[in-house]
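Report on one structure; see the data block that follows.
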Amino acid sequence: MIYLDNAATTPVVPAALEAAWPWLTSEFGNPSSTHEMGLSAKNALDHARTSIATWMDCPASDLVFTSGGTEGDNLAITGLALANPRGKHIISAKTEHEAVLETLDFLERVHGFEISWLNVDSQGNINLGDLERALRPDTSLVTLMLANNEIGTTHPLPGIIEAAHAVGALVHTDAVQAAGWFDLRVGKNGTLVSGIDALTISGHKLGAPKGSGVTYIRGRLAVEPLLHGGGQEFGRRSGTENVAWAVALATAISALPETELESARVRTLRDEFIAHVLATVPQAQLTGNPVERHPAIASFTFSGLNGETLLLELEQRGVIVSSGSACAAGSNDPSHVLIACGIEADIAQTSVRFSISHSTTADELSPAASALADAVASVSGLGN
Ligand code: PLP
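Quick note: the sequence shown uses the working numbering, first residue 409, plus one each step.
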C-alpha cells in the first residue's frame with residue numbers, strides 16, 4: 409500500500425505511543441491532585457508544554473492543550489473575538505477549513521458578528537491590498553490559514569500580520585497542515601508566523617494521536633473560554649488535562665525531522681510527482697499556487713472524470729488518497745475550496761489530493777503516478 413493521504417491523518421509514531429503509555433496506566437494521576445501521583449502527572453504535563461514552547465519559541469504559559477484542530481480553531485477565534493472589546497468585525501476567506509468557517513458562522517448567527525470574506529483568485533491567493541481595504545476600526549480579528557489543506561496554497565502571513573497589527577486587529581492562523589513543514593517559531597523574527605497572536609496545531613497530522621492538539625494564544629490576551637469548569641490550562645480550557653496525549657504530542661513534535669531540510673527534500677519529490685502526473689495524464693490540472701504552496705500537498709482536477717471513481721481505482725491499485733472534499737465527511741459535494749477559487753462545480757468534483765509524509769520516498773511516488781495514469785486510462789474507458 410502507498411499511503412498518500414497524510415493531510416487527512418498520520419499514523420502515531422511509536423515513540424509518542426511509548427511516551428504516552430505510562431500516563432495512561434501506572435502513572436494515571438490527576439495533575440490537579442496534590443499527592444505524589446498528581447505531582448508526577450503535573451510534571452509530565454509541564455515538561456510537554458515546555459518542550460512544545462521551545463519548538464515554537466514562546467512562553468509555555470501561552471500554550472493550551474486541546475482535543476485537536478477543530479477545538480483549537482474554535483477556541484482561538486471565538487475566545488479572542490468574544491473577549492476583544494474592539495468590535496464585532498472579523499476578516500477571513502472562504503477557502504478556510506470548516507472548523508474556521510463554521511465558527512465564523514456561529515459568531516455571525518449567535519453573537520451578531522460581521523464577517524468580511526476576502527476574494528481569492530483561481531489559485532487560492534488573497535490580495536494584501538484587499539485585506540488592507542477590509543480592515544476597520546472595529547475589526548477584532550483576522551483569521552487566515554497558513555497552508556490550505558486541499559490545494560496547499562499558503563497565505564502571505566507576514567504581510568497579513570503587519571497590516572492587521574497596524575490597525576490594532578489580532579491575527580489567528582490555522583497551522584494544522586503546516587506543523588512539521590514550516591517554521592512555526594512565533595517568537596523568532598523572520599518566520600512566517602513571527603508576532604502572530606494565535607495559532608492552531610492538531611496532533612494527528614504530525615504523528616500524535618487523534619484528539620490531541622495545542623493552540624498558541626499570545627501572552628495574556630483575554631480569551632473567553634469555550635469550556636467552563638475547574639480553570640485548568642490557565643483558565644482558558646477547563647477539564648482534567650489529557651496528560652498522555654500532551655506527552656504524545658510533545659514527543660511526536662520532538663521526533664519531527666528538521667523543517668527546512670525536510671521541506672526541501674519533499675518539495676523536490678512533490679515537484680517530480682507533479683511533473684510526472686502532468687506529463688502522463690492529459691486531463692490533469694494542478695490546483696493551488698504552483699510555487700507558494702505546502703511542500704507535501706499536490707492536488708489535481710481531472711476534467712471529465714469522477715474524482716470518487718478515480719479514488720476507488722487508485723485504491724484498487726494500492727494507492728490511498730483523498731478527494732478534495734474528504735473533510736466534508738463522506739459528502740459528494742464539490743470542494744468549497746475549489747468553488748471559492750472559481751472552479752466550476754463539475755470540475756471541482758473531479759479533484760484528487762495526494763499528500764506526502766516524512767517517510768515517503770521517490771520509490772513510492774513514481775509508482776503512484778503510474779498508477780494514477782493507469783487509473784485515469786481505465787476510468788476514461790481507454791485502459792484494460
Ligand atoms: N484545520 C485544517 C486546515 C485541517 O486540515 C483540519 C483537519 O483536517 C482541521 C482544521 C481539523 O483538525 P482536527 O481533525 O484535529 O479537528
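Beta carbons are placed, not taken as given, at the ideal position from N, Cα and C, and that holds for glycine.
- In the DSSP assignment, Gln724 falls within the alpha helix (DSSP H) that extends over Gly715 to Gln724.
- Between Ala555 and Gln585, the gap from beta carbon to beta carbon is short of 8 Å.
- At least one heavy atom of the ligand PLP lies closer than 7 Å to the C-beta of Asn557.
- Counted as a single uninterrupted DSSP element, the beta strand (DSSP E) harbouring Val579 occupies residues Leu578 to Asp582.
- The closest heavy atom of the ligand PLP lies less than 7 Å from the beta carbon of Ser610.
- In the structure shown, the three-state DSSP call for Trp431 is helix.
- Straight-line spacing of the CA atoms in Ala756 and Gly437 works out to 50 Å.
- Boundaries of the beta strand (DSSP E) around Thr474: Leu471 to Thr474.
- About 6 Å separates the CB atoms of Leu657 and Val622; that is less than 8 Å, so the two are in contact.
- Under the three-state reduction of DSSP output, His612 falls in the helix class.
- If you check the CB distance, Ile499 and Ala542 come in under 8 Å.
- Exclusion of Gly588 from the 7 Å shell around the ligand PLP follows from its C-beta lying no nearer than that to any non-hydrogen atom of the ligand.
- Distance from the CA atom of Gly537 to the CA atom of His497, rounded to whole angstroms, is 18 Å.
- Judged by the Cβ position, Ala507 qualifies as a neighbour of the ligand PLP at the 7 Å threshold, a heavy atom of the ligand being closer than this.
- Membership of Glu632 in any alpha helix (DSSP H) is not indicated, and neither H nor E is assigned to it by DSSP.
- Following the DSSP letters along the chain, one finds His497 in no alpha helix (DSSP H) but inside the beta strand (DSSP E) bounded by residues His497 to Ala501.
- Set against 7 Å, the gap from the CB of Asp481 to the closest heavy atom of the ligand PLP is smaller.
- Per DSSP, Arg761 lies in no alpha helix (DSSP H); the unbroken beta strand (DSSP E) holding it starts and ends at Val760 to Ser763.
- Annotation for Ser671: Trp589 and Pro703 place their beta carbon closer than 6 Å to its own, counting only its chain and skipping 5 residues before and after.
- Ranked by Cα distance from Ala777, the options His744, Ile728, Ile751 and His766 are led by Ile728.
- Straight-line spacing of the CA atoms in Thr458 and Gly576 works out to 29 Å.
- The residues Ala652, in chain order, have a CB closer than 8 Å to that of Leu432 in the same chain once the five nearest residues on each side in sequence are set aside.
- Residues of the same chain with a CB within less than 7 Å of the CB of Glu479, apart from the 5 flanking positions on each side, are Gly621 in chain order.
- C-alpha of Ser434 to C-alpha of Val421: approximately 21 Å in a straight line.
- Listed in chain order, the non-local C-beta contacts of Gly560 below 6 Å within the same chain comprise Gly696, Arg701, His702 and Ile705, local neighbours out to five positions each way being set aside.
- Taking 7 Å as the cut-off, one finds no heavy atom of the ligand PLP near enough to the beta carbon of Asp413.
- Counting only the Cα atoms, Leu629 lies some 10 Å from Gly487.
- One thing to note: Ala507 has its Cβ no nearer than 8 Å to the Cβ of Asn533.
- In this structure, DSSP gives Asp413 an extended state, which the three-state scheme calls strand.
- Taking the Cβ of Met464 as the reference point, every heavy atom of the ligand PLP lies at 7 Å or farther away.
- Where Trp589 is concerned, there is no enclosing beta strand (DSSP E), because DSSP gives it neither an H nor an E.
- In its chain, beyond the 5 residues on either side, Thr688 and Val689 have a beta carbon closer than 6 Å to the beta carbon of Ala781.
- For the 8 Å CB-CB criterion, Pro439 and Glu649 form a contact.
- Within the model, the alpha-carbon separation for Ile661 versus Ser610 is close to 11 Å.
- Residue pairing by DSSP leaves Gln640 without any beta bridge partner.
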